[in-house]
Amino acid sequence: MIYVGLDVHKSYSRMGVFDPANGELHDLGSVSNEPTVLEQRLSAVASPKTVVLEAGRSSYHMAGLLEAMAEQVWIVDPGEVRRLQRTVSKTDRRDATALAWWAAKGVLTRQWRPDAELLDLRELTRGKVSLTRLSTQVRAMIRMLLARHGHECPYRNLLGKSAQQWLDSVKLEGYAAQMLAALRQILIATQAKVDDFERLVDQTAAKHPVAQRLRTIPGIGPFLGLSLAVEIGDIERFPSAPHLRGYSGLVPAVHQSGDKDARGPLTKTGNKWLRHAAVQAA
1120 MIYVGLDVHK
1130 SYSRMGVFDP
1140 ANGELHDLGS
1150 VSNEPTVLEQ
1160 RLSAVASPKT
1170 VVLEAGRSSY
1180 HMAGLLEAMA
1190 EQVWIVDPGE
1200 VRRLQRTVSK
1210 TDRRDATALA
1220 WWAAKGVLTR
1230 QWRPDAELLD
1240 LRELTRGKVS
1250 LTRLSTQVRA
1260 MIRMLLARHG
1270 HECPYRNLLG
1280 KSAQQWLDSV
1290 KLEGYAAQML
1300 AALRQILIAT
1310 QAKVDDFERL
1320 VDQTAAKHPV
1330 AQRLRTIPGI
1340 GPFLGLSLAV
1350 EIGDIERFPS
1360 APHLRGYSGL
1370 VPAVHQSGDK
1380 DARGPLTKTG
1390 NKWLRHAAVQ
1400 AA
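Per this note's numbering, residue 1120 is the first one in the sequence shown, and the count goes up by one each step.
Encoded structure:
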């Protein structure tokens, strides 16, 4: 098996190759992320081959493209690679060749990859969270704008009938008036999408078997049930409960030295979306 390390960037990747049979490690330079160009470059590498890339924003998409170009595709933890490299210098060349080298040595952990259906469900639950945060941000912007001009809305819900009537009565001038009008329009549109996504979550959770079982736990509704289900995925991939807790980042940092055992703040590593859902459930 030949190992190909890909240091993936937005429009290109750096490629490094290690052949355990002869111990040769080569830097193959940069290559465009266009599928046809990438396939052409990889076809020049002897088979069978394993392509290794770090987890990142586009790693699942890239891994999907690479599946047709190599016998195996691995996604690995970038933090694990950094700990192994132990070097001050960080270049694309070093990163790509290090991925190939350490994967061949068997010291990199191959991450579990969710299927297309699960990834799509994550877009639903994560999208709902993102839209809710956007709605909250716009509400705060409206209140700050009003405060800068000596107004304080007496109503908690800015989209309520009374609050809307009050906002209509507020007299601002110049660009401040235009900004208030724009923010009100954005808030109405954003909240409408939040409501749409809430309905989609309710409908999807009602048909999702794992989400349905989670909803039997007091305090867990459709959104939390579906979020926990899709962020955890196949629970069999966790050998124990502590591994799942570690994945959520909801465990304290441990500092041991001799007979001293100190507990620090939460590690907050791993899946931030699972951590958000777990905190909401608590």
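Where a beta carbon is used, it is the ideal one built from N, C-alpha and C, also for glycine.
When Cβ pairs closer than 8 Å are counted between the two stretches, the region 1223 to 1233 is seen to touch the region 1344 to 1360, the count reaching three or more.
Residue pairing by DSSP places M1263 opposite no residue, since no beta bridge is assigned to it. In the three-state reduction of the DSSP assignment, K1168 falls in the strand class. In the three-state reduction of the DSSP assignment, Y1274 falls in the coil class.
Taking one beta carbon from each stretch, the region 1217 to 1232 and the region 1160 to 1176 have 3 or more pairs nearer than 8 Å; the two touch. In this structure, the alpha-carbon of Q1204 lies about 55 Å from that of A1296. In this chain, the alpha helix (DSSP H) harbouring I1305 covers G1293 to K1326. Using a Cβ-Cβ distance cut-off of 8 Å, the region 1184 to 1192 and the region 1157 to 1164 are in contact, since at least three pairs of beta carbons, one from each stretch, lie closer than that value.
Contact between E1199 and T1228 holds, since their C-beta atoms are separated by about 6 Å, short of 8 Å. A1266 and L1277 have their C-alpha atoms some 14 Å from each other. DSSP, read as helix, strand or coil, puts W1220 in helix. Note on P1361: under 16 other CB atoms within 10 angstroms of its CB, so exposed under the neighbour-count rule. In this chain, the alpha helix (DSSP H) harbouring V1156 covers P1154 to S1162. Of the candidates R1252, I1336, S1162 and G1340, the residue whose Cα lies closest to the Cα of T1309 is R1252. Annotation: M1181 is outside any beta strand (DSSP E); the continuous alpha helix (DSSP H) that includes it extends over S1178 to L1185. The straight-line gap separating the alpha-carbon atoms of S1359 and W1285 is approximately 55 Å.
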